[in-house]
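Peer 1: Dropping a structure here in structure tokens format, bear with me for questions.
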Amino acid sequence: MTDNNQANIATADVLTLLLHNQHALAAAIEELALWARSTGSPITHGNVIGALETIDRNASAITAGIFKIRELA
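Under our numbering, the residues of the sequence shown are numbered 3 to 75, in order.
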């Protein structure tokens, strides 16, 4: 295995871990958004949901990038 392949594998592995962290944070934030809505803060809830949609869009692009890096390895 070449150094470049090892670097690609390491990069993809780190990005995968960061993506898992992103999913975990999004789940926690969604729980807080639901709490905000239930305590009478629908505007805050809507703002958080909008931010979570951005996280979801970016997660798809990150996942595609990880797959491309893994193909190079």
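Note that beta-carbon positions come from the ideal geometry of N, C-alpha and C, so glycine has one too.
Which residues in the same chain have their Cβ closer than 7 Å to the Cβ of T84, if we skip the five residues on either side of it in sequence?
Peer 2: Absent from the model: residue 84. The displayed extent of the chain is 3 to 75, so no value can be given.
Peer 1: How about A61 and H47: do their beta carbons lie closer than 8 Å?
Peer 2: Taking 8 Å as the cut-off, the beta carbon of A61 is found no closer than this to the beta carbon of H47.
Peer 1: Between A9, L17, T13 and A35, which has its C-alpha nearest I51's C-alpha?
Peer 2: A35
Peer 1: CA-CA distance, I57 and A28?
Peer 2: Answer to the nearest angstrom: the Cα atoms are 7 Å apart.
Peer 1: Quick one: using the 10 Å Cβ neighbour count with 16 as the cut-off for buried, is A14 buried or exposed?
Peer 2: When all chains shown are included, A14 counts as buried.
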